[in-house]
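Residue 1 is where the sequence shown starts when you use the UniProt record's numbering, and the numbers rise one by one after that. Glycine included, C-beta positions come from ideal geometry on N, C-alpha and C. Small disclaimer: the values here were computed from a predicted structure and weren't measured. Report on one structure; see the data block that follows.
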Amino acid sequence: MASFTVLVLLLLAQWVSCTPETKCTISNPLPIQYKYYQSGNLNIGGIISQIYMISDLTTFRRHMSEDLVEDLMVFLQNYQHILSLAFTVNEINEMSSLLPNVTLGVHVFNSYFMARWTYLASMELLSTKDRFIPNYKCDLQDNTISVIAGPNSHICQYMANVLSIYKIPQIIYGSAPLMNNYDQADFFHQMFPDDDSQTMGILQLLLHFKWIWIGVVFIENHTGERFVQNVYSMFSQKGICFDFIEELPKESFSTDISRMVDDWLETYRIIMQSTSSVVILYGENQIMIFLRMIPYVSVFEDIPVKTKGKVWIMTAQMEFTSLPFQKIWGIDFIHGALSFAVSSKEVLGFEEFVRTRNPALESEDSFINVFWEQAFECSLPKAFIDEETRDSCTGKEKMEDLPASVFEMGMTGQSYNVYNAVYNVAYALQAMYSSKFRHRTRISRGRQFLQNQLWQLHHYLRSVSFNNSAGEKVSFDQNGKLIAAFDIINWVTFPNQSFIRVKVGKIEPMAQPEEVLTISADDILWPTMFNQTCPLSLCNSNCPSGYRKTKTEGKPFCCYECLPCPKGKISNQNDMDECFNCPEDHYPSNKNDVCIPKVISFLSHKEPLGISLATTAIVFISLTALILAIFLKHRDTPIVKANNRNLTYTLLIALLLSFLCPFLFIGQPDKWVCPFRQIAFGIIFSMAVSCILAKTIIVVLAFMATKPGSKMRKWVGKRLSNTIVLSCCLVQFTICVVWLAISPPFPDSDMHSMSEEIVLQCNEGSTTMFYIVLGFMGFLTAVSFTVAFLARNLPDSFNEAKFITFSMLVFCSVWVTFVPTYLSTKGEYMVAVEIFSILASAAGLLCCIFSPKCYILMLRPDLNKKEQLIKK
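As structure tokens, then:
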């Protein structure tokens with residue numbers, strides 16, 4: 001565990017300009033082996049331009065002496081930042097068209113993650129070479145034009161306290177610091193896009209995969225807190241909730257290692273036992289080292305951690321790096337992770353430049369010895385670090401043989417930022433020279449200009465636009481912020497501790513909202529625990545179709561319960577907030593998850609019910625016609641003549657028409673049938689009942705007229721019967737005409753009575769008029785029943801009053817039952833009820849009145865004699 005304290009490293013980078021013909025080299029400012037190296041000679045008229053770099057390269061645990069560094073640890077991947085710096089400087093110096101008569105040089109300082117070393121490096125820039133006297137600089141060949149810092153944000157704040165006083169440009173290639181001092185912020189230039197653009201990109205990624213239940217882990221500093229504030233407000237507005245928001249424990253290099261281990265393990269336990277499948281990690285390069293340690297420490301300390309599959313989403317401020325002793329450790333924990341990186345292109349020549357690096361050939365690079373021994377686990381001659389028992393380096397070691405977990409040959413995102421930062425300085429210098437030296441003839445005065453007017457370089461650093469050697473355009477907006485896209489990287493690891501970064505998408509902050517995110521989800525390799533299926537990250541399972549969400553008290557709004565949709569409503573998507581009604585012409589399925597078109601329904605001749613009713617009507621029509629024929633055949637017999645045969649014929653015709661009425665009700669309603677069928681029914685039945693009423697009254701008057709001296713004799717005859725029938729029919733006809741005039745029946749579709757059917761029916765128009773028609777019929781029926789009941793015992797062998805009483809009793813029973821039955825039925829059955837009532841009531845009249853007479857006429861002709869009529 002002793003080596004755990006030496007993990008943090010601070011890197012400060014500075015660009016230095018050199019004479020026109022000089023070759024730029026890298027020097028190590030470590031106190032034990034500090035070299036200020038500048039090669040080449042100053043040509044006449046040339047300008048020396050130096051760039052300083054301050055960066056996190058190594059850490060050490062104990063104090064450094066003048067001859068020995070104890071427990072020196074190298075951040076292996078961060079060494080690539082220096083190589084990117086050296087490669088770019090060499091590339092620019094070889095381009096005579098970019099900065100004629102100017103050669104760039106470079107100094108590299110290592111700050112060891114410590115504020116005092118950052119301050120020391122900053123003050124070194126203000127001192128004469130090899131003489132530490134801050135604010136006293138008299139070396140005309142050492143002109144500081146810019147400082148490049150990174151990759152960690154806290155370096156920049158310490159550096160700015162010193163360098164901003166002198167208006168020295170400070171370019172940041174990694175995490176952007178949160179500057180409280182706006183005067184200092186004016187001298188910062190970011191080669192990293194605005195953090196809000198990255199936050200928006202993460203949001204688009206989450207929404208694309210519908211990950212609404214996430215965890216956030218952030219580094220404990222001002223930038224991390226600002227990131228969390230932005231994420232919380234922006235993500236919540238889009239319906240994303242947080243399972244947890246945890247601070248990463250602050251790195252400590254004191255002797256209290258056990259407390260730091262406990263804090264990291266507790267954080268790791270919270271992350272891995274959470275229910276969210278997606279964790280956003282906002283950190284810096286050194287965080288990767290700690291994440292790699294935790295699984296091993298938990299096993300070593302016998303602290304089991306039950307893990308669940310996680311998809312890590314890492315921000316562009318965080319890149320892979322490692323310490324030497326981690327080379328053999330597995331890296332499967334990042335398999336399937338997604339990370340953001342500043343969009344970049346392949347830089348031709350860089351890998352070849354890296355491939356040629358060798359300690360034996362690079363005497364100017366003081367960092368390569370440290371890196372070489374740590375990466376290849378061998379000892380170099382005259383090594384300046386505390387050597388362990390190692391084999392000597394053979395000289396055949398090659399950079400390309402190192403696994404990716406130790407060193408990547410290709411330029412990473414942060415190294416690409418360093419590359420662009422150097423080009424930004426070069427093009428800014430070019431723009432400044434071309435505008436300021438336009439009218440100057442003596443080049444030697446340029447050196448004085450560079451020293452006295454360096455502050456003017458800030459304007460050009462923020463406004464210059466150029467194409468780097470990779471062919472990518474680099475430009476800044478009106479606020480001086482870098483305009484750049486983000487690549488979405490999928491990490492694919494292998495058992496041999498190597499990995500590759502696969503570009504699977506891109507974030508274009510300046511594009512239209514619907515085009516901000518482009519991603520190829522099919523190309524993503526997910527973590528092994530998800531079996532290559534896109535993970536879900538929800539607080540609870542989705543509510544399926546047919547259910548709706550309801551909020552769970554005491555939990556975030558992403559957490560909810562699922563309730564079935566109420567009857568008559570559906571939800572046809574997952575996680576719907578509310579169920580909704582189907583259109584009127586559709587009905588919900590049994591699972592309430594889809595709307596099914598309703599079937600159009602009406603009483604048809606082709607349905608069993610319609611066929612049955614039509615057949616019954618035909619039977620009674622035939623029977624009525626037969627009875628009418630019998631009565632016509634025996635029209636001169638006493639039994640036919642005794643009961644007013646004209647009324648009998650009229651009644652039979654009315655009953656015949658009544659049995660024809662059902663055919664108006666069977667079939668699809670239309671605008672002609674609907675008004676006619678109710679009116680025909682009302683008038684025909686009124687005629688039938690009025691005939692019965694007339695027959696009953698005629699019987700009563702006939703017996704009263706037989707008494708001596710009775711004046712009723714003049715009322716007995718056809719005139720009275722015809723008057724009764726015509727007046728009753730005229731009243732009903734008048735009611736029907738008024739009905740047609742006010743609100744006639746019309747074809748309509750009932751979509752609500754039947755849940756699964758659209759019933760085509762005739763709307764009565766005015767329900768009141770419909771019941772008036774029925775009411776008048778009921779009135780006639782009641783009068784007929786009353787008169788017949790009173791005349792039932794008159795002494796007559798052929799007295800119809802008895803049979804009329806029974807027929808009216810049947811008739812009244814049918815229509816009294818009809819009203820509640822009609823109101824309680826729906827759809828085509830309402831029509832069937834009315835048809836049945838018509839048939840039943842007409843059949844009752846036919847059977848009760850005419851069956852006794854038919855019996856006598858057909859079977860007992862001996863009773864059909866005048867003697868039988870007058871025997872009493």
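Residue i versus the options, residue with shortest Cα-Cα distance
| i | options | result |
| --- | --- | --- |
| residue 550 | 564, 537, 735 | 564 |
| residue 509 | 612, 108, 199, 82 | 199 |
| residue 605 | 666, 588, 622, 646 | 666 |
| residue 282 | 269, 225, 233 | 225 |
| residue 326 | 415, 296, 597, 151 | 296 |
| residue 511 | 483, 530, 334 | 483 |
| residue 830 | 422, 852, 603 | 603 |
| residue 228 | 321, 404, 560, 279 | 279 |
| residue 101 | 419, 93, 107 | 93 |
| residue 803 | 627, 193, 696, 397 | 696 |
| residue 125 | 414, 115, 109, 854 | 109 |
| residue 373 | 107, 398, 502 | 398 |
| residue 365 | 826, 633, 732, 80 | 80 |
| residue 754 | 653, 168, 587 | 587 |
| residue 722 | 783, 78, 664, 644 | 644 |
| residue 457 | 485, 479, 427, 522 | 427 |
| residue 393 | 273, 370, 414, 495 | 370 |
| residue 321 | 497, 98, 608, 825 | 497 |
| residue 574 | 540, 583, 596 | 540 |
| residue 647 | 660, 628, 772 | 628 |
Identity of the residues DSSP links to residue i by a beta bridge
| i | result |
| --- | --- |
| residue 548 | 563 |
| residue 491 | 501 |
| residue 749 | 760 |
| residue 581 | 569 |
| residue 113 | Paired residues: none, contrary to the question. |
| residue 486 | 342, 507 |
| residue 597 | 586 |
| residue 312 | 279 |
| residue 392 | 379 |
| residue 473 | 467 |
| residue 683 | DSSP, once it has assigned bridges, lists no residue as partnering residue 683. |
| residue 213 | 241 |
| residue 136 | 127 |
| residue 518 | 506 |
| residue 246 | 217 |
| residue 189 | 171 |
CB of residue i within 8 Å of CB of residue j, strictly
| i | j | result |
| --- | --- | --- |
| residue 212 | residue 538 | yes |
| residue 412 | residue 319 | yes |
| residue 671 | residue 746 | yes |
| residue 778 | residue 815 | yes |
| residue 875 | residue 738 | Lying outside 1 to 872, the shown extent of the chain, residue 875 is not represented and no answer is given. |
| residue 188 | residue 156 | yes |
| residue 431 | residue 474 | no |
| residue 103 | residue 422 | no |
| residue 567 | residue 585 | no |
| residue 476 | residue 507 | no |
| residue 191 | residue 417 | yes |
| residue 242 | residue 287 | no |
| residue 881 | residue 846 | Outside the displayed range of the chain (1 to 872) lies residue 881, so it cannot be described from this structure. |
| residue 335 | residue 491 | yes |
Nearest-angstrom beta carbon gap, residue j and residue i [assumed within contact, 8 Å]
| i | j | result |
| --- | --- | --- |
| residue 489 | residue 341 | 5 Å |
| residue 461 | residue 145 | Between residue 145 and residue 461 the Cβ distance is about 10 Å, and since that is not below 8 Å, they are no contact. |
| residue 775 | residue 743 | About 17 Å; that fails the 8 Å criterion. |
| residue 367 | residue 82 | 6 Å |
| residue 204 | residue 517 | 4 Å |
| residue 681 | residue 838 | 7 Å |
| residue 782 | residue 801 | Rounded, the Cβ-Cβ distance is 16 Å, inconsistent with contact. |
| residue 612 | residue 828 | With 8 Å as the limit, residue 612 and residue 828 do not qualify as a contact, their Cβ atoms being about 13 Å apart. |
| residue 700 | residue 732 | Not really, about 23 Å apart at Cβ, beyond 8 Å. |
>> For a minimum of 3 consecutive residues, which ranges assigned as the beta strand (DSSP E) are wholly contained in the stretch 330 to 385?
In response: 338 to 342
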